[in-house]
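1 is the number of the first residue of the sequence shown in the numbering used here; add one for each residue after it. C-beta atoms are modelled at their ideal positions from N, C-alpha and C, and glycine is treated no differently. Computed from a prediction, not measured in an experiment: that's the story for all the values here. Let me begin by presenting the structure, written as structure tokens, before commenting on it.
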Amino acid sequence: MKIKSLYVLTLLLFSNLLLAHSNIKSSSPSDGEILDKSPEVISLAFLNPVKLIKFKLVSSDQNTVKTDFKPSMVDRSDFRIIPEELPNGQYTVFWTIMGVDGHKMKNEFKFKVMKMAETEHHDGHEH
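What follows is the structure, encoded as structure tokens:
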């Protein structure tokens with residue numbers, strides 16, 4: 001009987017910890033997505049309201065790309081960041097959030113920009 005009580009208590013403790021931390025629900029572009037043009041906006045949606053405290057967009061040559069990101073002062077579930085025009089290449093988004101309980105979580109995702117207009121001129125033919 002004691003083992004069953006311990007099991008239930010452990011489940012309750014861990015379920016509360018999981019609820020306190022919000023992970024990403026979706027992003028646009030999504031992880032691994034290949035875009036045919038520079039994204040006008042990068043969107044992050046989280047399962048619960050959080051503060052987005054860090055956001056960095058890095059190109060494959062390790063240069064930080066300029067965006068309009070400002071750290072969040074209020075808890076929200078959805079964030080929209082506008083990047084400068086992106087040339088063809090691979091990009092990594094690094095983000096850090098702070099949940100309502102004060103815990104921080106960070107992660108990253110990648111996407112590629114492959115504008116068709118730039119590849120059409122290489123072989124001299126229109127596609």
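- DSSP lists no beta-bridge partner residue for Leu-47.
- Between Ile-34 and Lys-112, the C-beta gap is smaller than 7 Å, which places the two residues in contact.
- Between Leu-52 and Ser-72, the gap from beta carbon to beta carbon is short of 7 Å.
- For Asp-78, the enclosing beta strand (DSSP E) has its first and last residue at 76-81.
- By the neighbour-count criterion, in which 16 or more other beta carbons inside 10 Å mark a residue as buried, Val-93 falls on the buried side.
- Asn-63 and Asn-88 have their alpha carbons spaced roughly 14 Å apart.
- Taking C-beta atoms under 8 Å as the contact rule, Val-50 and Met-98 qualify, at a distance of about 6 Å.
- Distance from the CA atom of Ser-26 to the CA atom of Phe-46, rounded to whole angstroms, is 7 Å.
- Residue pairing for Glu-40: DSSP places it in no beta bridge.
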